[in-house]
Structure formats: C-alpha cells, structure tokens
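Let me begin by presenting the structure, written as structure tokens, before commenting on it.
Numbering (UniProt numbering), first residue to last: 1 to 1209.
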C-alpha cells in the first residue's frame, strides 16, 4: 500500500481498481485507502448499491461518476476533485462508466467496466469508444470474467480467447504484470476454493500516457477481489537532449581524432599514475571529438516512426508547396507527380525499415529474439518487493534493494587491501597476450553501437580509429598487465537492471539482471586476456560444462542429460537427477576462489594478479529514476563483462572434475547443474547422490556460495510401477523430496519423459510472445499479412520448437500434435482471415508452413547434425537419438571455430577504379589466377598462370558451394607455386571472390576447406613472398577470363573424377529441408479431405505463397476462402448457419448451385470476366485454374463482385 505522502512526480496520478462485490465492509475499506493512501482515481466494479444508488463512496474531496436511471449500476469511477473530469453518457451504461479527464496537454478517457459472464465480450459500447477515439488515450479497468494465460490466468476459456482476439486487433495493450490472482474465492467444506486472474487493466498504445508500477496489493480488501494499484503519467515530462552516434560525421571524427593521436605520441608508462593519465588523455580525445562530430538532438515528445527520414520530410514539404501552387493555378499534374514520388518513397522507407528490423531480430540466436522484441517495451523498476514481501515506497528504496540483492557485501567505501609487487618477468607474458593483430581482432569483435560505459566510448569510436589507436592501446595494455593495475576510469561501471525475459512478473529484485557497462577499452583488454586463458586451459576444462565454450550449447547439455535418462529407462534402471540452484553464483563467488582455480589451470601469476585487480574494489554507479547510488564491490564477477563467463567456468571446473566418476554424471550449463546417478537399486543410487551433493555443498561453502535445498528439484526416473522404499538424500540437513517435474534450461522434464507439461508451457509462452510481438510491431509498422507471417516464423515458432531435439518423440501422440498445430493455425488465420471451419492442412499448404510435427522433426534433425559434426553426439538406438537414423547425410565442412593470428601472406582488395588505372599487377611477380563455377551440370574450379604455363580444370562434387570452389582454387594455386618455387621469389594469386579473401584474412576459421587453404598458404611462407589480390570478374581481364573458362570446363567433367571434399553445412541443411518438404508434399498428396484445395493448390509452392502474401488483407481472405471452399456462399454458408442462395446469384439458372467449380469454371454470367482475367470463357476443371497466377485469380474474384455482395440472399 502507498504511503500518504504526495507523489514524487507532479504528473503522476495514483489509481486503484477493485470489484467490491456489493460489500459494505469492502466499500469502507476502499474509502480508507482512498483518503489515507493518496489515491486520485478509483475504478470500481460491483459497488455497494441500494435502490439503484451507489452507497458508501460519497466524499467531500471526490466526485463519484456512474450512470443513473439505467438499472442497477455495476460500475463507477471515483475521482479527486482536483482533477477536471466529466461523465460521457453516450458511452456509459449500467455496467460501463466512461469519464473524460481534461489533463494538461491531452485529455484521456477513463473506463470502469463490469463484463458480465453471461453477456457478449467485448461489449458494444466499449468497442465503439475505442474505435471512435483511436487517436485518444483510453484507460480501462474491468472485471472481465475471462481467463487467458496471456494476462496470467491459469487456463484459457472461450471468453478469454474472444477478448484476446479483440485486444490483438485493436490498439489496446494489457497492463497486467505477473500471474498473482486478482480474484480469490476461499475454500470451504462445500467448495475447494479458487484463485484466478479475472481483472484486467487495458490502455491504448500511445506515446502520451503510461501506466506505471501495476501490481496486485497484498493488503486485505474485504472483497473476494484484490486491490490493483498503479499510477498513470504523461510519457514525456521534459525535453531531453542526446547525441545519436548514427548521425555522427565519422569522416570528420576520424580526421580530427587521428591528428590528436599523432600529436600525443606514444610515451612509455612506468607507474599507475602515468597509466591513469594516459588513459584519461585518450578518453578525452575520443569523447571531445565525438561531441564535435555529432549534432545535439532534442528528444521530441512524440516518438517518430522508425521509417520516417529526412528525405520524406523534404518530399512532404515539396508536396505541400505543390498543392498550394496547384490550388492557385488549377494545374494539378505537378502535384500528382510529386504525390506519386512521395508515396513511392514512403513505401520504400517502410520496407527498408522493416527489413532492417527483421534482420536485427533474425541475426540474434533464436532464444534471444523475444528478448530483442521485449527490449522495445519498457518495464519500470520504481516499485518492487523487498524481503518479507513488502513493497518499496520509492525509487531510491527500490534501488537499495536491487543493489543489496545483486551485490552482496557491497560497501560505500573501497577496501584498503594492498597489492603485492608484480613479478620481474611480467614483460614476457605481456608479449604473449598483447599484439597488434589481436587488438584489431578484439576491437572489431564488438557490435559498433553497443551501449557505452561511464566514459561514453562506444566500439564504433575505436573501430573508426583502429589503425592509429593500436599503438596507443598496445602501450597502455602492456603497462596495465605489467603493473597489475586497472586505470581508475576503467574500474567504474554503470549498472542497469534489465528484466529477465520469459517471466510473467517483474516484482522482485531477482526478476531483474544487473548488467555492468564498463569501458570498451577495458573490454578489449578483457578479450585479449580471455583468448590467452582459453588457449592455456582449453584441454583442462571439464567436458561437462556446456556454457561459454565453442561447440557446446543448451542443446548439447539437454542432449547429454536426456541421453543418460533414456539409457537408464531402456535398461530398466533407476536414474536419480538433482537439478541444483546455486544461489547468486555470479554475484557471490569469492574472488580468491576464481584466482585459485585459474592458478590450478596453469594460468601465470601475472594474469592472475591482473584479474584480481580488475575484480576487487569495482565501483558501480546504479540509478533508478532520479535515484543514484555508488558502491564498491569485491565479490563475484560483473555481469556483462567479457571475462566473467570464463571466470565462472574456471571456478566451477575443479568441482565438475571431482564430481564426474564413481557412478555420478555431472552436467552444467553456467550455474545450472544437474547430477545424475543410475543403477539397479534406488537405495544405492540415493546414497551415491547424497555423497555427491555433500561434496558439491562443501565446495560451494568454501567459495562463498550456497546450495538451497528448497530450490533443489530431485527426480527419480524409472519405467517400473513399483518402487521399493529407500532413504532420500539429505542436503544441508534437509531431506529432499521427489518432484514429478523439473525445469532445466527452459525445458520441462517429467519422470516418464512424456513431455506433456513441456508442450503446454511452450504453447502458453508462445501465446504470450504472440501478443507482445503484435503489440510492438503494430505500433511501428502495422500488421500487414506478410508481417504477421514473419512474426510467427521468426519469433513465435522458435519458442514452440525450443529444445525439440530432446522432446520430439512426444509427437507420437496426436494430442500433442493437435495442441502445437493450434497456435500455428491461429497465426495462419490471422494472416488469411479464414473462417473457423477452414482446415488447418489447407492453411498450411497455402501459406507454405510445414505441419508442426514435420517442422519439429526437421528442427530436431538439424540440431542433431550440428552436434554430431562437432563430435558431441551420443548415438543410441532408442529415444531422441534415433532422429538421424532415416536421413542420408554427407560429411560436413563445418569444424569447431579456431583462432590463428599468424598470417604469412598479404590480402588486398583494391577498388574497381584502381583496376581501371591498371596499376595493380606488378612486373616482378608471378601471377596466378583462380576462379570457381557452379552450374546446373556441376561445380568446378580453375587455375591459370601464363607465367608458369599452368591451366588446371578441377571437378568438385555437386554438393560443393561456389565459395568452396573459389577457396579450393586458391589452395591449388599454392600447390602449383610450391612445385615451382625454385625460380620464384614473389607471387600473387588473383581471385574474384571477396568472400574467399575475407575468410582467409580472418583469424577465425570454422570451415575445413578454409583451414586447409590457410595451411597451404603458410606452407610456402619461407620460400617466397605471397600476396592475395581481388580482381573484378567479367571485366575482360585476360587471366581472370581464362580461369573462369577453366572453372566452367571443370564443371563439365564427369562427376566420378570429382575431388572429394566435405559438403558445406548450408547445403546439408538445404538437403534436410528438401527431404522434410517432400514428406509434407507426400502427406498433402495422400490426404483424403481438402478436395477443393488439393485441386487449386496441388503442392507447396513458395513463390505462389509469396505472391499471395504481397496482396491486401481483403484480397488474401477472398483468395483463401475461394481456394479452400470455406466461403460464405451456397452449401457451405448453409452449413455455417449463414444466409445463402439456393441457386447461383450470377446466372440464376435452376440447378446451378454456388459451388467453387461453378464459380471459377462454368458460370455463364462470369464468362466474359473469366475470359478477360483468366484467358478462357469456360475452364475445364479446377486443376486448370491452379495453373493461373495468384494475380489472375484475384482479378477474377474481385471483378466478379461476389464478395462485395457477401451475405445477400
């Protein structure tokens, strides 16, 4: 409950929402809250009523609004008299009260609504209010009597589905947070009791009004509904200024900063003071130059659309001028021309913006895509729960709780620990860690516009100055390592608390993750240290750790855990699994534990000392609203730090090595640990598990951590029905209990591996994501059919299929398939507007969506191939591992990514202008030209050198890519040069593939073909000087044209002569896609229903689907209705209970019914239209219609005007 003090922000309006259940005591309690708690607005449903008059809410300081003389009122609004408000009787009823508030710049509507369970939802007055006031702010508090998991209910009912569909199609947003019940019916002897989320707070999706700190109060309301507390405010209270790095004049920035860096020189650094001074000078140069090169931007009150740009602004100005001129002269053609250009530019800007947004989402890992979408939606941290379940009363108090929770042991002053003197041989280690090529790689490894730390430096500022910065940074980094000292400005970190994705509520401190934003100059050095540590510890890290190690992931961890369980079930053994929660692992671990683990792993003392210096006395600056707090931290690792994941892996490594063996299998993903013990006797299994838990618990205590027995989930997997009694393991003095399910890495596991609960949770999460994405996307781009389809395939479907590698066997049950198909059907219906009787199979083929069971099988197969290629696949002839048994797969070219900074050749990519000047080919060098070619007949590579008299044509397998052919050509050129090196001192290899040159010049390699080519290039480093140069293709450059001819000739050679090379991973995935697409086509061909659709859409056709999705929503609906036969005419309309005609409305001939065949093929009244649009007066059959384009069919449907008379009888 709020304290009685005035709001901190003058624009805040404090609100309460409550259903009083006609109770006198609940009314009196609400009156007390309003008067003592500083409530401004109360949205009340089912108030205390006597003779159609609301009682108990009258007050001298408040106005009471409700509709009189329209029956017993079930909704009212109580508003402080200081707020200017008046009743809107045109929208108000006995169940709905609508008030308009005149608030400063923009008024808004307040609605209190009781949506009776026996009436339609949503009610007509409410939909009319929202529809007629689309540009106005509307806030609705209602007792919806509707359940849906999207707003936190435990289940979904028909009313909930109807209400959600309305919300999705309107501009309303759900303000509810979490799943705490708003309605609690107490249990009794007759009734078991019931708790549910039935009350909703909705608001229009605008930029002017914001609902903050929505929460369900713990205070007793004396009603069976709880108080809902929140505040509303104007979104922008004051103009803000900032510098947008995307508007920086980077040419100017580079020029000024380069001159400043050259003036400063590169001085030797002998002590910490000189190091601090050098870093501060560098920071000043970068920030000052950035400010000079970037204009100051004022944040407007109304957020601009993401696709609006300066070009459109100029065109709009021209358009207005042209209109005024045309209006004066009455000559309208110039205005029409500019209008046409303007509309074209708007379409292009929208498409470009949407494409950029899609790319940014799809470039994320699938698990991170929803987080990326959610980042568009702000979650406020002003009020959270403190310990003891009390709410904080201010932003400052919330900040204190967040810091205490996430930074235990933090202090207001730094500790006074004295660092020992650095060893004398530190310089040797510095040279191993820091060199120019590694610094360049580290700088370019960051996304350009990542959020800056307290120093204001972003990666792009370093990337634009990478060449002049390298010498300065090399000097600074070596000094920092030698002195074991972190510069003062690098020790500061700006901490932001981000909501953890996937959680229904963000009420508690642990629902937020602290991210430390530190200097990117420090992060570059962390990257170098990370490379050094991984090189030394690579072979010493436990194979049980699946996080932060290349080639391992959540999929490999799940695969390993489920493989052990399936093996046990297959052999009729018992497997006990303990899913452990190490409390605050990253935040609580002792720094000394990390340093000791690194030392045991062979890391030199110099690096250990530097890491110790980085972790101790970190200065964190956290803010929450206007509140700011500074603390010093000497425990844990900073979340968001480059080194932090590796430091945790190193710290956990020792205990993982100890736990594995002796009947125990440990699997870890970061701090998510599973202990597995299998055996024939549960008592023995339990004893072994207890010993393992005791060992892990002892390690945790020694390292400042804890294992919470109350959060440890213990499961026993067995296929046996009778289990003998045995003693369960004890942890920290608490006897653990067996749980029927456990959640591990986002997947719900049950004791029988039935996966039913997991699938239900996946579906509920997908519905939540569907609502969230629709709200965010609709606000910026609108919900065109193609956008809804992308939203489903890129964001929603990956949520459904997450972890499918292990749970795909659940698709043996039709119940699970139907549940999964449900949400795909919802998305397809949202795209097409298909009526409820339209078959899911028909929608799938029309929109080119594989049935969910086939798609999940495909997803699992691709994941299995990826793991198998990296050597982490446990092949078993049962369980989920059989996914690859029926697939034909080639050996992949993909290898575990490797880093190599020793490049012994030069790569140059000159411009086309330089080639036209003719100054590229040197006279004293041997020139070798290479090329690759991929054609329908095959793949080949060619090597040509006039200087050496070499002409080679080489055949490659049909599965090879053009990239592989280009790289292999360079490798063959190396072999040629090696054979003739006796007379060669300098050579140049020319290729027209920039992709091949960039891959060879990159220190990172994940292709065996590229790796072999790099080895071939290195093999001639001591024999001659070698350059690789890009040559523009098909520009009549003699050597390149000859190489191209040789490559094409190689493609025509017999495939039996092909040089065997592994297939690219992309080709293998493509082959898997083709195999599963064929399965879907075969199923569609053999299906017995959907007779009309099978004739009009005989197979999956992506081009046809794309043509459909590029049309308007109305057109898509009409084509879908016609193509499926589920349309509002004739016999089908009769079955649906809709108005219909007994005979054709077009020709009116007796016996001619309104069927799809009659409409498309033979109705004589449509013969002229059919001839004009389809090229024939009377079509022989529906199969003939299927050969016509979507555009032609749409033209016929639109010209017929049938759908414009839809419903006429």
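Ideal Cβ positions, reconstructed from N, Cα and C, are used throughout, including at glycine.
Less than 7 Å between C-beta atoms, sequence neighbours within five positions excluded: which residues of the same chain meet that for residue i?
i, result
"residue 694", "none"
"residue 921", "927"
"residue 1068", "865, 889, 890, 892"
"residue 1110", "786"
"residue 375", "Unreliable placement is indicated for residue 375, whose pLDDT of 44 sits below 50; no coordinate value is reported for it."
"residue 1126", "834, 835, 837, 838, 1132"
"residue 1004", "897, 899"
"residue 370", "Only weak support is given to the placement of residue 370: the predicted model assigns it a pLDDT of 49, under 50, and the value that follows is read from those uncertain coordinates. Closer than 7 Å at Cβ, skipping near neighbours: 501, 769, 795, 799."
How should residue i be labelled, buried or exposed, when 16 other C-beta atoms within 10 angstroms of its C-beta is the threshold for buried?
i, result
"residue 1117", "buried"
"residue 940", "buried"
"residue 797", "buried"
"residue 141", "buried"
"residue 955", "buried"
"residue 911", "exposed"
"residue 303", "Low confidence applies to residue 303: its pLDDT is 47, below 50, so where it sits in the model is not reliable, and the reading given next is rough at best. Exposed."
"residue 177", "buried"
"residue 724", "exposed"
Ordered along the chain, which non-local residues of its own chain (more than five positions away) have a Cβ less than 8 Å from that of residue i?
i, result
"residue 147", "153, 154, 155, 156, 157, 159, 160, 196, 197, 198"
"residue 819", "759, 760, 763"
"residue 566", "753, 876, 878, 879, 880, 881"
"residue 550", "896, 897"
Can you tell which of the options has its C-alpha closest to the C-alpha of residue i?
i, options, result
"residue 48", "68, 19, 39, 63", "19"
"residue 771", "51, 39, 167, 1095", "167"
"residue 107", "119, 84, 91, 95", "84"
"residue 789", "805, 849, 806, 810", "849"
"residue 1188", "843, 394, 1104, 1060", "1104"
"residue 702", "651, 218, 53", "651"
"residue 674", "620, 973, 707", "707"
"residue 766", "738, 801, 732", "801"
"residue 337", "352, 321, 350", "321"
"residue 411", "851, 654, 630", "630"
Is DSSP giving residue i helix, strand or coil here?
i, result
"residue 797", "helix"
"residue 86", "strand"
"residue 1006", "strand"
"residue 861", "helix"
"residue 1083", "helix"
"residue 291", "helix"
"residue 564", "helix"
"residue 790", "helix"
"residue 650", "helix"
"residue 1089", "coil"
"residue 441", "helix"
"residue 214", "strand"
"residue 1199", "helix"
"residue 665", "strand"
"residue 715", "strand"
"residue 370", "In this predicted model, residue 370 has a pLDDT of only 49, less than 50, meaning its place in the structure is not dependable enough to derive any value."
"residue 638", "coil"
"residue 937", "coil"
"residue 195", "strand"
"residue 16", "strand"
Can you check whether the C-beta of residue i is within less than 9 Å of a C-beta belonging to chain D?
i, result
"residue 806", "Of the protein chains in this structure there is only one, and it is not chain D."
If you drop the 5 nearest sequence neighbours on each side, which residues of the same chain put their C-beta closer than 6 Å to that of residue i?
i, result
"residue 929", "944, 990, 1039, 1040, 1043"
"residue 968", "941"
"residue 732", "709"
Mind the definition here: the stretch 508-524 touches the stretch 307-325 only if three or more C-beta pairs lie below 8 Å; say whether that holds.
no
Cβ contact (3+ pairs, closer than 8 Å) linking the stretch 654-670 and the stretch 554-566:
yes
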